[in-house]
Amino acid sequence: MRRRKFLLPFLLILCACTEKVDLASRSDYHDYLAVEATLTDRSEDPQRVFLSRSISYFHNEAEPPVSGASVLVNDVVFAEKEAGVYEAPEGFACETGVDYRLRIRLPEGDTYEAEATMPEPGFRMDAIDYAFAGGKTMDSDSLWTVGVWGYEKEMDSNYLLTHAVNGLYQPFEMAMVSDDKFFNHNEVVGFPITALMQSDVLRQQYGECYKYLEEGDVITLEIWTLEKEYYNFLLSLTMNSVSIPLFTPQPANVPTNIRGEHVLGYFAVCPVSRASVTVDDPFRPYFKKLLPSPFL
Numbered sequence: 013m014r015r016r017k018f019l020l021p022f023l024l025i026l027c028a029c030t031e032k033v034d035l036a037s038r039s040d041y042h043d044y045l046a047v048e049a050t051l052t053d054r055s056e057d058p059q060r061v062f063l064s065r066s067i068s069y070f071h072n073e074a075e076p077p078v079s080g081a082s083v084l085v086n087d088v089v090f091a092e093k094e095a096g097v098y099e100a101p102e103g104f105a106c107e108t109g110v111d112y113r114l115r116i117r118l119p120e121g122d123t124y125e126a127e128a129t130m131p132e133p134g135f136r137m138d139a140i141d142y143a144f145a146g147g148k149t150m151d152s153d154s155l156w157t158v159g160v161w162g163y164e165k166e167m168d169s170n171y172l173l174t175h176a177v178n179g180l181y182q183p184f185e186m187a188m189v190s191d192d193k194f195f196n197h198n199e200v201v202g203f204p205i206t207a208l209m210q211s212d213v214l215r216q217q218y219g220e221c222y223k224y225l226e227e228g229d230v231i232t233l234e235i236w237t238l239e240k241e242y243y244n245f246l247l248s249l250t251m252n253s254v255s256i257p258l259f260t261p262q263p264a265n266v267p268t269n270i271r272g273e274h275v276l277g278y279f280a281v282c283p284v285s286r287a288s289v290t291v292d293d294p295f296r297p298y299f300k301k302l303l304p305s306p307f308l
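Sequential numbering from 13 applies to the sequence shown in this note's numbering.
So this is what it looks like as structure tokens:
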């Protein structure tokens, strides 16, 4: 799993809002263990758990990593590869319907536990394609639409959608969480599921995932199926969400399924559907793939 830095900005707000804050003093702040633990069924991707300490809302330094911890998922040991980054043995992946238990023990003896079950994949993605949508649109210098072909199963599901250019993924705060009402348990044929924005401002801030598309670039789209509780957790962290009815109220507080003292974060296991397309003409104004999809 690639690290998605979604915890700390919101953890800081949560801590600042739930504890009495003395603006004249920074000494009353109590730090929290921040846990990022989202595992997938993709054995080709590293499966990682990230541990750090939350920092005061009024401090600007990076969150300090937590080293020397013991991290296990079921009986699998996650070894510390670098400070605060704990990784499963190569080839490890989670399986649908299996119960998983995360256990963390810090060097000072504090322990934390959480359980999660991987849901059945709700969406089968067969292919994606792109089309140029013009320039100077939606605060971007250029915009491309990404369409998807596949099938949404007859089950209630929730999703996270993210994309990459040449293997470089967008930051988590730009990903989208969505319910399944737009698919509505149907065949999906060229649905314009998301957009790629190119902007010098975004490129400077987030890197080459916001580059101008050129011939030979590879676009990758991922759709993660989420348990309802994890979906609610992500909704509480991001305003980049789509649901029907529109403007559905978001949870008021950031939830967690991790048991222990002074801890924030979430442990989740998610099946991931992934597809890629190679850019042949960045100015192509239509989806090149045939309709209906030859993949269904």
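In this text, a Cβ means the ideal position worked out from N, Cα and C, and glycines have one as well. Since the model is a prediction, treat every value here as computed from it, not as a measurement.
- The beta-carbon distance between valine 275 and leucine 249, rounded to whole angstroms, is 16 Å. This is too long to meet the 8 Å contact definition.
- Cβ-Cβ distances below 6 Å link aspartate 53 to Ala105, Cys106, Pro283 in the same chain, with the five nearest sequence neighbours on each side left out; the list follows chain order.
- By the neighbour-count criterion, in which a residue is buried when 16 or more other Cβ atoms sit within 10 angstroms of its Cβ, glutamine 210 is buried.
- Of the candidates Thr206, Phe279, Leu214, the residue whose Cα lies closest to the Cα of tyrosine 242 is Phe279.
- The segment 217-231 makes contact with the segment 167-187, as at least three CB pairs between them are under 8 Å.
- By the Cβ rule, the segment 160-179 does not count as touching the segment 82-90, because fewer than three pairs are nearer than 8 Å.
- Counting the other Cβ atoms within 10 Å of the Cβ of proline 119 gives fewer than 16, which makes it exposed.
- By the 16-neighbour rule on beta-carbons within 10 angstroms, tyrosine 224 is exposed.
- Spatial neighbours of alanine 128 in its own chain (CB-CB distance under 6 Å, excluding positions within 5 residues in sequence) are listed in chain order as Tyr112, Phe279, Ala280, Val281.
- Judged by DSSP in its simplified three-state form, arginine 54 adopts coil rather than helix or strand.
- Nearest in C-alpha terms to isoleucine 140, of all of Leu173, Ala100, Thr50, is Leu173.
- Selection Glu132, Met137, Ile205, Gly80 evaluated against arginine 117 yields Gly80 as nearest (Cα-Cα).
- Listed in chain order, the non-local C-beta contacts of isoleucine 235 below 6 Å within the same chain comprise Phe135, Met137, Tyr171, Leu173, Ser285, local neighbours out to five positions each way being set aside.
- Counting other Cβ atoms within 10 Å of its Cβ, proline 131 reaches 16 or more and is therefore classed as buried.
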